[in-house]
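The structure under discussion appears below in the form of structure tokens.
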Amino acid sequence: AYLLALENVNDLVLSPVDNIQLDKSIENRYLGLENGILDPSAILLSRYGYLTFMDCKVTLRFYFFSKFITPSDPN
Numbered sequence: 228a229y230l231l232a233l234e235n236v237n238d239l240v241l242s243p244v245d246n247i248q249l250d251k252s253i254e255n256r257y258l259g260l261e262n263g264i265l266d267p268s269a270i271l272l273s274r275y276g277y278l279t280f281m282d283c284k285v286t287l288r289f290y291f292f293s294k295f296i297t298p299s300d301p302n
């Protein structure tokens, strides 16, 4: 959230993939965490109304339409 807020106030536009890599770098280098890319990938790459399959080792993702949630239903 902070990374996206900093981009916004500085009028920067980065791709979701760039944001994921920046997030990982910040958490690993500056915060000393050993986090991967799953959480930021799920947040930035998921689509409403779709199931998302992700393989974080090769940065691969697939989207499957979910018939249980219609795209027009916000709940």
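Going by this note's numbering, the letters in the sequence shown line up with residues 228 to 302, in that order. Beta carbons: idealized from backbone N, C-alpha and C, even for Gly.
In the DSSP assignment, Leu260 falls outside any beta strand (DSSP E) and carries neither an H nor an E. Rounded to whole angstroms, the Cβ separation of Ser252 and Gly276 is 31 Å, and the two are not in contact under 8 Å. Beta-bridge partners of Tyr277 (DSSP): Phe292.
Taking C-beta atoms as the reference points, Leu271 and Phe291 fail to come closer than 7 Å.
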